[in-house]
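First up is the structure itself, then whatever we jot down about it.
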Amino acid sequence: MSSYVLPGDSIPLNLILLPGEPDPKLILGPGLIRQDEDSAMSTKAGIPHSNETERKWFVESNQRRYVPSAGEDVLGIITAKTSEYYRVDIGAAHAAVLDSLAFEGVTRRSKPNLKVGTLIYAQISEANKDIDAELTCINPATNRADGYGVLDKGYIYMIKCSLGLCRRLRNEEHPIWTRLRQKYKFEVIVAVNGRICLKSNSARATIETIEIANAIKEHDV
Amino acid sequence: MVKETEPSIPERAFILQALKEGYRLDCRNKLEFRNIDIKLGREFGHAEVQLGSTRVFAKVSCEVTRPYEGRPTEGILVLNTEMSPMAVPSLEPGRPSEDEVLASRIIEKALKRSNAIDTEGLCIVAGEKVWTIRIDIHFLDHDGNVVDAACIAALTALSHFRRPDVTVAGTDVTIHSLKSRNPVPLSIHHMPICVTFAFFDNGNLFVVDPLHREEQVREGDMTLTINKHREICAISKAGGIPLELETIVECSQIAALKVKDITALIQAALDRDAQERKFGTVS
Chain B
1 MSSYVLPGDS IPLNLILLPG EPDPKLILGP GLIRQDEDSA MSTKAGIPHS NETERKWFVE
61 SNQRRYVPSA GEDVLGIITA KTSEYYRVDI GAAHAAVLDS LAFEGVTRRS KPNLKVGTLI
121 YAQISEANKD IDAELTCINP ATNRADGYGV LDKGYIYMIK CSLGLCRRLR NEEHPIWTRL
181 RQKYKFEVIV AVNGRICLKS NSARATIETI EIANAIKEHD V
Chain X
1 MVKETEPSIP ERAFILQALK EGYRLDCRNK LEFRNIDIKL GREFGHAEVQ LGSTRVFAKV
61 SCEVTRPYEG RPTEGILVLN TEMSPMAVPS LEPGRPSEDE VLASRIIEKA LKRSNAIDTE
121 GLCIVAGEKV WTIRIDIHFL DHDGNVVDAA CIAALTALSH FRRPDVTVAG TDVTIHSLKS
181 RNPVPLSIHH MPICVTFAFF DNGNLFVVDP LHREEQVREG DMTLTINKHR EICAISKAGG
241 IPLELETIVE CSQIAALKVK DITALIQAAL DRDAQERKFG TVS
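Take a look at the structure:
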């Protein structure tokens with residue numbers, strides 16, 4: 001199925017029981033709500049996709065406003081701090097909250113003191129439409145930082161692009177990356193909230209970073 | 001809407017470092033303007049200017065009104081600016097931002113104080129009837145340096161504008177429709193064009209036509225309003241770091257060169273439009 005759906009359109013779900021499976025579990029991603037037994041209604045315009053067994057459904061669309069969802073990786077900027085937590089701008093309608101203890105190896109005695117304006121790479125631990133999203137810099141699967149945390153080493157530049165492009169760019173084998181890798185050496189973080197961090201360690205770090213950033217932006221329509 | 005977040009500390013450091021090495025975020029030269037695209041509409045006095053990704057639209061209109069008491073023989077020039085959340089998502093509709101007020105003031109000063117438009121020529125009957133020329137500027141997309149873009153748009157729209165012809169016989173005033181008689185252009189003495197500079201690193205570094213990102217990181221800015229005869233009409237420097245006299249002189253010399261190019265661009269757009277109208281190919 002590759003045709004477009006508009007908000008309000010219904011998508012038939014062919015729930016076929018596999019032999020030996022008592023209760024089929026259905027997972028509806030962002031942009032879909034359950035309508036009845038065997039159909040879902042889309043709340044976004046986009047292309048509906050499902051996995052092979054047609055048990056996971058989601059609507060692929062492109063937008064610029066990020067809507068937080070638990071488990072997603074985001075890049076944020078600290079906008080305010082209190083003794084208990086930091087407020088972080090993640091490009092969503094509301095700021096997210098980052099507990100000052102949500103870093104690896106941090107105790108009440110050794111809390112990090114981060115300035116307003118610090119760049120943070122974190123995971124969304126909780127997202128609910130009625131309360132502010134909560135972030136963590138510890139990977140819940142391993143209880144380690146695993147790359148999450150403060151980004152402050154070297155010259156880092158961040159660009160903003162559409163959410164659709166960001167999702168596509170999270171694939172390492174995206175043609176942009178294969179082409180850019182031939183010419184440049186760089187580190188990159190692609191977060192799903194429409195932000196991409198670039199860092200180059202070469203002698204021509206700044207100009208190369210700018211060139212990479214412009215190449216990515218050029219790809220965003 | 002939430003306040004727009006400032007660039008983070010590493011981004012600031014990056015932009016500054018790049019500038020120190022002589023690179024800008026769009027690979028431009030420090031003293032280079034972005035590409036200026038001027039589009040004229042089908043109606044008179046309709047201009048759209050695109051400066052990189054900054055986009056401004058200006059429309060000039062006119063009506064007959066009573067003159068001000070103290071200036072019975074002068075026409076009136078009214079400027080109105082509109083910056084909507086379409087250009088800057090963090091803006092609240094209806095409440096002008098500081099940026100917008102400043103931009104609007106600079107353009108108003110540039111047009112009015114320099115006597116760019118001959119307001120006496122807009123008088124129909126002294127003390128009774130004059131033309132009020134209204135310029136509406138809409139900011140469609142904000143990627144820095146809205147002042148210069150708006151100034152170019154306003155001047156192009158004013159030069160493109162034609163008002164209905166009038167005949168006065170005794171106390172009888174006849175306003176001829178645009179179809180019955182050829183409309184009349186405004187008489188424009190000169191074109192005061194704004195050139196904005198942004199300063200970094202204690203004034204040691206400066207760039208022309210700053211991007212929005214550069215405006216967020218800059219330490220100070222200055223807008224010079226100059227015409228092609230190299231006459232400085234206004235200098236606007238609202239806050240920011242103090243500047244050396246030499247810097248200001250240097251900036252004004254650069255601005256004078258830029259103004260020459262921009263005036264030529266405006267003229268070219270107007271000429272092209274005139275040609276198209278002459279041969280009836282205007283769509």
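Keeping their order, the protein sequence lines are chains B and X.
Each step along the first sequence adds one to the number in UniProt numbering, with nothing skipped, and position 32 is 32.
Each step along the second sequence adds one to the number in UniProt numbering, with nothing skipped, and position 34 is 34.
Ideal placement from N, C-alpha and C gives every residue a C-beta, glycine not left out.
A quick note: this is a predicted structure, and the numbers were derived from the prediction, not measured.
- Using a CB distance below 8 Å, the part of the segment 95–129 of chain B facing chain X consists of A95, K115, G117, T118 and L119, ordered along the chain.
- In the DSSP assignment, N214(B) falls within the alpha helix (DSSP H) that extends over A205 to H219.
- In this structure, F186(B) sits away from G149(B), with a CB-CB distance that is not shorter than 9 Å.
- Listed as beta-bridge partners of G8(B) by DSSP are no residues whatsoever.
- Counting C-beta atoms within 10 angstroms of its own C-beta, I159(B) has 16 or more neighbours from the protein chains shown and is therefore classed as buried.
- Beta-bridge analysis with DSSP links K59(X) to H46(X) and D136(X).
- DSSP, reduced to helix, strand and coil, places T142(B) outside both helices and strands of the structure shown, so it counts as coil.
- Here H142(X) is buried. Its C-beta has 16 or more other C-beta atoms within 10 Å.
- Only residues of its own chain outside the window of five on either side were considered, and among them P164 and V166 have a CB closer than 6 Å to the CB of I175(X), listed in chain order.
- Counting only Cβ-Cβ distances below 9 Å, N214(B) has contacts in chain X at L25, D26 and C27, in chain order.
- In terms of beta-carbon proximity, E276(X) stays away from the interface with chain B, with every pair separated by 9 Å or more.
- Within the model, the alpha-carbon separation for K217(B) versus D99(B) is close to 33 Å.
- Think of a sphere of 9 Å around the beta carbon of D73(B): no beta carbon from chain X falls inside it, the nearest being about 17 Å out.
- At least one beta carbon of chain B lies nearer than 9 Å to the beta carbon of S8(X).
- Three or more Cβ pairs closer than 8 Å define a contact, and the segment 166–181 of chain B meets that threshold against the segment 192–212 of chain B.
- Neighbours of T5(X) across chain B, judged by C-beta separation under 7 Å: I77, T79 and D89.
- Rounded to the nearest whole angstrom, the CA to CA distance from R218(X) to F199(X) is 6 Å.
- Counting only runs of 3+ residues, the beta strand (DSSP E) found wholly inside the segment 68–137 of chain X occupies 76–83 and 123–125, in chain order.
- As DSSP reads the structure, A157(X) sits in no beta bridge.
- Per the coordinates, the alpha-carbon of E208(B) lies some 10 Å from the alpha-carbon of K183(B).
- Here DSSP, grouped into helix, strand and coil, assigns G220(X) to strand.
- Taking a Cβ-Cβ threshold of 9 Å, the residues of chain X close to Y157(B) are P10, E11, F14, I15, A18 and L25, in chain order.
- Taking 8 Å as the upper bound on Cβ-Cβ separation, chain X lies near residues L151, D152, Y155, I156 and Y157 of the segment 134–157 of chain B.
- Within its own chain, the residues whose Cβ lies closer than 6 Å to the Cβ of T223(X), once the five positions on either side in sequence are excluded, are I106, V147, C194, T196 and S236, listed in chain order.
- Between I156(B) and K115(B), the C-beta gap is not smaller than 9 Å, which leaves the two residues out of contact.
- Residues of chain B whose Cβ lies closer than 8 Å to the Cβ of E21(X) are, in chain order, T206 and I207.
- In this structure C27(X) is exposed. Its beta-carbon is surrounded by fewer than 16 other beta-carbon atoms within 10 angstroms.
- By the C-beta density criterion, S159(X) is buried, having at least 16 other C-beta atoms within 10 angstroms.
- Take I212(B), set aside five residues on each side of it, and the residues of its chain with a beta-carbon closer than 7 Å to its own are L180, Y184, F186 and L198, in chain order.
- For P68(B), the closest of G46(B), G31(B) and K81(B) by C-alpha to C-alpha distance is G31(B).
- Taking a Cβ-Cβ threshold of 7 Å, the residues of chain X close to I210(B) are A18, Y23, L25 and C27, in chain order.
- Three or more beta-carbon pairs drawn from the segment 131–140 of chain X and the segment 54–63 of chain X are found closer than 8 Å, and the two stretches are therefore classed as touching.
- The shortest CA-to-CA distance from K129(B) to any of L101(B), V106(B), A96(B) and A122(B) is the one to A96(B).
- Straight across, the Cα-Cα distance linking E231(X) with N115(X) is about 13 Å.
- Here DSSP, grouped into helix, strand and coil, assigns F103(B) to coil.
- The segment 63–80 of chain X makes no contact with the segment 26–46 of chain X, as fewer than three CB pairs between them are under 8 Å.
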